[in-house]
Each structure stands twice: as C-alpha cells, then as structure tokens.
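K.L.:
I'd like to ask you about the structure that follows.
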Amino acid sequence: MDRFSEIRAFVCVAELGSFVAAAERLELSRAMVTKLVAALENRLGVRLMHRTTRKLSLTEAGETYLAQAGSLLGELDELDALLSHGASEPVGRLRVSAPVSFGMRYLGRIIGGFHQRYPQIEVELNLNDRRVDLVEEGFDLALRVSNLSDSTLVARKLEQVEDLLAASPDYLARHGIPAGPADLADHQCLLYALTAQPNVWDYQSPSGEQGRIKVKGGLKANNGDVLTDAAVQGMGIVLQPRFLLEEALADGRLVPVLPGYHWHCLDLSVVYPVRRHVPGKVRVFVDYLAEFFGAGAKQAAGRV
Numbered sequence: 001m002d003r004f005s006e007i008r009a010f011v012c013v014a015e016l017g018s019f020v021a022a023a024e025r026l027e028l029s030r031a032m033v034t035k036l037v038a039a040l041e042n043r044l045g046v047r048l049m050h051r052t053t054r055k056l057s058l059t060e061a062g063e064t065y066l067a068q069a070g071s072l073l074g075e076l077d078e079l080d081a082l083l084s085h086g087a088s089e090p091v092g093r094l095r096v097s098a099p100v101s102f103g104m105r106y107l108g109r110i111i112g113g114f115h116q117r118y119p120q121i122e123v124e125l126n127l128n129d130r131r132v133d134l135v136e137e138g139f140d141l142a143l144r145v146s147n148l149s150d151s152t153l154v155a156r157k158l159e160q161v162e163d164l165l166a167a168s169p170d171y172l173a174r175h176g177i178p179a180g181p182a183d184l185a186d187h188q189c190l191l192y193a194l195t196a197q198p199n200v201w202d203y204q205s206p207s208g209e210q211g212r213i214k215v216k217g218g219l220k221a222n223n224g225d226v227l228t229d230a231a232v233q234g235m236g237i238v239l240q241p242r243f244l245l246e247e248a249l250a251d252g253r254l255v256p257v258l259p260g261y262h263w264h265c266l267d268l269s270v271v272y273p274v275r276r277h278v279p280g281k282v283r284v285f286v287d288y289l290a291e292f293f294g295a296g297a298k299q300a301a302g303r304v
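All residue numbers for the sequence shown refer to UniProt numbering, where the first residue is 1 and numbers rise by one.
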C-alpha cells in the first residue's frame, strides 16, 4: 500500500473522529480506510487508536504521531498545490496558535485581510493561553505576548506591549487612591495566574528606580478579560496589557492608577520552528503580521 495513503487515512480519521466520516472525505470505502490505518499500525508496530463500537480515541503514540504526520501532510499538500498550479503563490493549511484575549481583539481582521491577499492559504486558528509546543502539537507558528526564553524557535518581534495599572472610580472612592507602589499592599489586587509570581508586581518609578511589591486579592484568574471585567465591577486594582484596558479607560469605566510609574512590559512576537527552508505560507503570514503592526517589527537575532 502507498505509505502516504496510510498516513492520510490515519490523520483524517483522527481529525474527524470517525472512520465513516473519513471515508466520505477521502472518497473511499470504510473498509479501505480501516485497512489503511491497520496497515500503518502494523508497519509501525504500535497501536495508534483505541476502537470501540461507540468511541474512537488516540493512544499516546497516536497523539504523538498525529502531530508530526499532520504537519508532514500539510507541507506535502502545499508542495503538490504549488507545482500543480504552476505558480509561486503560497498555498496550504496554516495552523496558528495565539492567546485568547489578544486573538479575539486582533486576529479576525488580521486573518481577514491576509485571506484576501492569499486566498489559497487556509488558516486554522487555535486560541489558548497555554504555551503550546509547536512541534509536538503540529502548529506552524504562534503569537506570544511574553518575554521569550531560550528555545529552539525563531522569533520576530512585532511590537512592545505595555502593562497598565487601573481600577474603577467606584473602587477608588471606597478604598482610596494609592500614592505609591507600597500602598498597593493594602488594596485588593486582581492576579493573573499565568505569570511565574502572580502576587509580585515589578515597576519603575518616574525617576527610573526599579522595585517590586507583593500584592494580594480575592481573585486570581488565567484570563485577562475576566480580571478586567472584575476591575470594572469594582473588585480591585488590575494590572494588564494596554490593549485589554483601553476601551474601559476610554469610556471611564476604569481610570489609571499610579500613571507616572512604568509596569511590566512584554513583547508581542511571532515564533515558528527552525527549519532549513521556511514554508512559503509561514513566511508570508509572518511578513503580513509585521506589516500590520508597523515598520517597527524586526527580526530577532538567532533563536529565542
């Protein structure tokens, strides 16, 4: 049997969760799809799927194989389409990971404009605040709002994201306005769970002095929109990126706290795996992001 037919049958069954649905998509009989998947398992010497009359699930080996095989087939499809169309226009499926709140605000319009320019590229977007493993989970690239640590990824910085401190007018009327960072220890602060130390906030004073303060509060969450909404409701003081707070600041539902101080700054970057040849679909999407966020986007030296 064709080795790639076995892989394609497995990937299709795994993605659709059904041999019947996979057979319809591949325009094969169910028996043939079953035979192809069984042949793949026999050749590899491992079981990739658990099968019952009611449920189909991947084994641990199947999860690992799916991530790699899906990426491999995507690159093969891109190559086939490129040559068959006899053109240099990038094609294929582009799997993108991004943080939830950032993605909801920006990526609809970014991908809309990108699709108009590159209609042959199909974008599959996954919004998740968890830091995904691009290679293991089969993503082509990811957008990250963080200070990147060393890894085997290539990064392109798009812009700097500034954190702001804010609270509702009602909260400040009830609890007072902090005069300096030390006063935050006596306030209710809303904590972002996905940082290494949610209750430690770093700052720089107007004179340039660096410092940090330990804070406490009645809410810790792994999503900045939830914390922002809680701040609007008067629950406490929030420290979040400007793009999350700007609407509430503009209409007065939140007001800046300690506006002369600079808080944590993060980089918005696009990251992708190191490869000898960067796929065309990845290259043009990275360039489009750089164009969208302005000429300040620059290539990081080396890896991140």
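Using N, Cα and C, we set each Cβ at its ideal position, and we do this for glycine too. For clarity, every value in this text was computed on a predicted model and none was experimentally measured.
#1: Which word fits LEU164, buried or exposed, when buried means at least 16 other C-beta atoms lie within 10 angstroms of its C-beta?
#2: Residues in the same chain with beta-carbon distance under 7 angstroms from ALA248, minus the five sequence neighbours each way, listed in chain order, please.
#3: What are the boundary residues of the beta strand (DSSP E) that GLU49 is part of?
#4: Taking just the CA atoms, how far does TYR288 sit from ALA173?
#5: When we look at the beta-carbon of LYS281 and count the other beta-carbons within 10 Å, is it buried (16 or more) or exposed?
#6: Skipping 5 residues on each side, what residues in its chain have a beta carbon closer than 8 angstroms to that of PRO99?
#7: Pull up the CB-CB distance for LEU190 and LEU219, whole angstroms please, since I reckon it's below 8 angstroms.
#8: Identify every residue that forms a DSSP beta bridge with CYS265.
#9: Would you kindly work out how many angstroms separate the C-alpha atoms of GLY211 and ASP183, rounded to a whole number?
#10: Is DSSP giving LYS214 helix, strand or coil here?
#11: Suppose you measure from the CA of GLY217 to the CA of LEU244; what does that come to, to the nearest Å?
#12: Got a sec? Which residues, its chain only, sit under 6 angstroms from PHE292 by beta carbon, not counting five neighbours each side?
P.N.:
Reading off the structure:
#1: Classification for LEU164: buried.
#2: Taken in chain order, the residues that qualify are THR228, VAL232, LEU254.
#3: The amino acid at residue 49 is misidentified as Glu; the sequence shows Met. Taken as a continuous stretch (DSSP letters only), the beta strand (DSSP E) holding MET49 covers 49-51.
#4: Distance between ALA173 and TYR288, taken at the CA atoms: about 45 angstroms.
#5: So LYS281 counts as buried.
#6: Hits under 8 angstroms: LEU127, ASN128, ASP129, LEU143, ARG144, VAL145.
#7: Confirmed, about 5 angstroms.
#8: According to DSSP, CYS265 bridges with GLU162.
#9: One C-alpha to the other measures close to 13 angstroms.
#10: Strand, per DSSP.
#11: Between GLY217 and LEU244, the C-alpha separation is close to 20 angstroms.
#12: Its chain contains ILE110 as the residues whose beta carbon lies nearer than 6 angstroms to that of PHE292, once the 5 sequence neighbours on both sides are disregarded; these appear in chain order.
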